[in-house]
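Right, one structure below, let's go through it.
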Amino acid sequence: MSNQERGNERWCCSPVTGEPLSAEQATDLSAVFKALGDPVRLRLLSLIAAHAGGEACVCDLSGAFDLSGPTISHHLKVLREAGAITGERRGTWVYYRVLPETLQRLSAVLGPAPAVSTSA
């Protein structure tokens, strides 16, 4: 199952401090972390998430970088294929949104394990 397919279903895992990840979970999560490991892609994700309405046109993103349009498109494609963002073509432009379920998965795996109650 691809990362994008996983983004459409409820898929999560416990924090790494709670129990080890399965091989499949580690593979799926590592693709998203790898995509976010590039400073341009991390910044693109941030710009999209912070944009009014949580959605940004590629035309609004390109001006923030000293990179060519095809290079920006490549980075957006990597984020899309990793399941971090989704895009929708409207006329000439593509509008991007961050997939909140992907950010929640990343947060959940990196967060602390839930506290265990010791009261009887």
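In full-length UniProt numbering, the protein residues as written are 1 to 120. Ideal placement from N, C-alpha and C gives every residue a C-beta, glycine not left out. On a predicted model such as this, the values are computed, not experimentally measured, just so you know.
The beta carbons of Val98 and Ile48 sit closer together than 8 Å. The distance from the Cβ of Asp28 to that of His75 is about 20 Å, inconsistent with a contact at the 8 Å cut-off. Leaving aside the five residues that flank Phe65 on each side, the residues in its chain whose CB is nearer than 7 Å to its CB run, in chain order, Val40 and Ile72. Beta-bridge annotation (DSSP): Arg90 is paired with Trp93. Glu19 sits in coil when the DSSP states are folded into three classes, being neither helix nor strand.
Rounded to whole angstroms, the gap between the alpha carbons of Leu67 and Arg43 is 13 Å. The beta-carbon distance between Leu21 and Ala84, rounded to whole angstroms, is 18 Å. This is too long to meet the 8 Å contact definition.
Counting along the chain, the unbroken beta strand (DSSP E) around Ala56 starts and ends at Glu55 to Cys57. Cβ contact annotation for Tyr95 (same chain, cutoff 6 Å, sequence separation greater than five): Glu55, Cys57 and Glu88, in chain order.
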